[in-house]
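Reading through the structure tokens given below for one structure.
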Amino acid sequence: MKIFLHSFLILTLSFSLLGLFTGCGSKFHHQKFYVFGTLVEVSLWGVSEQKASEAINVITQDFQTMHRHWHAWQPSPLTELNQAIAAGEAHTIQEPSLLLLLKKAKRFYNQSDGLFNPTIGQLIGLWGFHNEDLTSHRSLPSSEKIAELVTLSPGMDDIEIEDNRISSRNPAVQFDFGAFAKGYAVDLAVKKLRELGIQNAIVNAGGNLKAMGKKGDKPWLIGIRHPSGKGVLAAVALNEEESVITSGNYERFFEYEGVRYSHIIDPRKGKPVRGLTSVTVINRSGALADAASTALTVAGLQDWHRIARQMNIKYVMLVDEKGTIYMNPTMEMRVQLPAHEKSKVVISEPL
Ligand code: AMP
Ligand code: MG
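Sequential numbering from 1092 applies to the sequence shown in this note's numbering.
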């Protein structure tokens, strides 16, 4: 998990467990469940126990449904679409959320110059990432196969969307929405919580986090995990409705002959990205922040600024393999870094 609630929040949890809020009932509710191959945490503030438990049940079911609908390699409406495309056939989508994902994906693909490319499912599978368990991975794909898939060059430009009928000019297109599905999922979860009458919440799907409202009279304060896996890289207070999304090479990877291969693939080279260990984006839209965190990881130190501007992103923090932290000035104004990290910060031009 890349982002977790700051100790501040955990303290609040212990206070409520100690009954400090007796009289009006416990105000803080926190529940975890496992879906999307990741831990999802829902934190609610200022609702009754019963309302919290009903809302968390609804959210749990919603996540399970999204997982079933969007799964990239187990049989799902998405794999049905992929099979039709591979066979050169048009396909009518019955699942409305897939259509919304496709339309968003087209926009983010264009804005990122194709660095966010959710049609490279074949490459992701080739590198062995269509698997829950990466520990048993023991070989690398052949350079011929990689070159072949890069040359076929699948992209969102190959896709035609007419109402809910999808066709592709390129049978090498294979959708994998892993780069922004969780960000979109937390958008939908927060929207649903609002519809259920909840005003203050955080939904965190394995480091893809969205907050709404506040925790009492204070903003939600969250910690961004250090890419080394040790402690907190930075803390940030969140505005009324905001997402904080981190892409990290430590999230899903395998090691082969002492080299780490991360799950984020550069579509131009067909290979896992090197260079950045963590990229955090803050934006109101979780889907956009998630697509951007992946795209900026691919863009690397040379190009992240240009791509962030094209994607209309205002807050970015990147960490490279040496542990140097790069931020744009408005991001720097928002985050609190531990003293020992401050010496390693480079501030970019404004976005
Ligand atoms: P994230 O953790 O949000 O950066 O998403 C990483 C996931 O997105 C991977 O596990 C793949 O399923 C998928 N992915 C990898 N590289 C790309 C890419 N360049 N564009 C879109 N999706 C990608
Ligand atoms: Mg992402």
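Where a beta carbon is used, it is the ideal one built from N, C-alpha and C, also for glycine.
Given residue i as reference, the closest of the options once Cα atoms are compared
i: Val1131; options: Leu1240, Met1422 and Leu1300; result: Leu1300
i: Thr1385; options: Ser1338, Lys1273 and Glu1342; result: Ser1338
i: Ala1276; options: Ala1430, Val1437 and Thr1129; result: Thr1129
i: Asn1208; options: Tyr1417, Ala1382 and Arg1400; result: Ala1382
i: Ala1272; options: Trp1395, Gly1219, Val1323 and Lys1195; result: Lys1195
i: Leu1428; options: Gln1165, Leu1442, Val1410 and Pro1441; result: Val1410
i: Leu1217; options: Gly1205, Pro1232 and Leu1193; result: Pro1232
i: Leu1329; options: Arg1343, Val1294, Ser1439 and Asn1340; result: Val1294
i: Pro1420; options: Ala1430, Gly1322, Glu1239 and Val1436; result: Val1436
i: Gly1219; options: Leu1392, Asn1148 and Ile1355; result: Ile1355
i: Glu1145; options: Gln1155, His1120 and Gln1165; result: His1120
i: Leu1442; options: Asn1403, Ile1416 and Glu1432; result: Asn1403
i: Lys1362; options: Arg1316, Gln1185 and Val1389; result: Val1389
i: Ala1430; options: Lys1142, Leu1206, Val1323 and Ser1319; result: Val1323
i: Trp1395; options: Asn1374, Leu1189, Glu1440 and Ser1227; result: Glu1440
Straight-line gap, residue i to residue j (C-alpha atoms, nearest Å)
i: Pro1358; j: Gly1212; result: 10 Å
i: Met1303; j: Gly1414; result: 31 Å
i: Gly1475; j: Met1418; result: Here the chain comprises residues numbered 1092 to 1442, so residue 1475 is not present and cannot be evaluated.
i: Ser1234; j: Lys1283; result: 45 Å
i: Gly1314; j: Thr1170; result: 35 Å
i: Thr1151; j: Val1281; result: 12 Å
i: Tyr1200; j: Val1264; result: 14 Å
i: Leu1243; j: Asn1261; result: 8 Å
i: Asp1153; j: Ile1147; result: 10 Å
i: Gln1185; j: Gln1202; result: 27 Å
Cβ separation of residue i and residue j, assumed to be a contact under 8 Å, to the nearest whole Å
i: Ile1250; j: Ala1181; result: Actually they are not in contact, since the Cβ atoms of Ile1250 and Ala1181 sit about 11 Å apart, beyond 8 Å.
i: Phe1124; j: Ala1296; result: Between Ala1296 and Phe1124 the Cβ distance is about 10 Å, and since that is not below 8 Å, they are no contact.
heavy atom of the ligand ADP below 7 Å from residue i C-beta
i: Thr1388; result: Looking at this structure, you won't find the ligand ADP anywhere; what it does contain is the ligand AMP and the ligand MG.
Touching or not, the stretch 1362-1379 and the stretch 1329-1341, by the rule of three or more beta carbon pairs under 8 Å? yes
Does the stretch 1157-1164 come close enough to the stretch 1265-1272 to have 3 or more Cβ pairs within less than 8 Å? yes
The stretch 1135-1145 / the stretch 1285-1295 touching (three or more Cβ pairs under 8 Å): yes
Residues passing the C-beta test against the ligand MG heavy atoms, cut-off 5 Å: Ala1270, Ser1338, Asp1381, Ser1384 and Thr1385
Tell me, please, whether the stretch 1344-1353 touches the stretch 1305-1313 by the rule of three or more beta-carbon pairs shorter than 8 Å. no
Tell me whether the stretch 1398-1408 and the stretch 1359-1372 touch, counting them as touching only if at least three CB pairs, one residue from each stretch, are closer than 8 Å. yes
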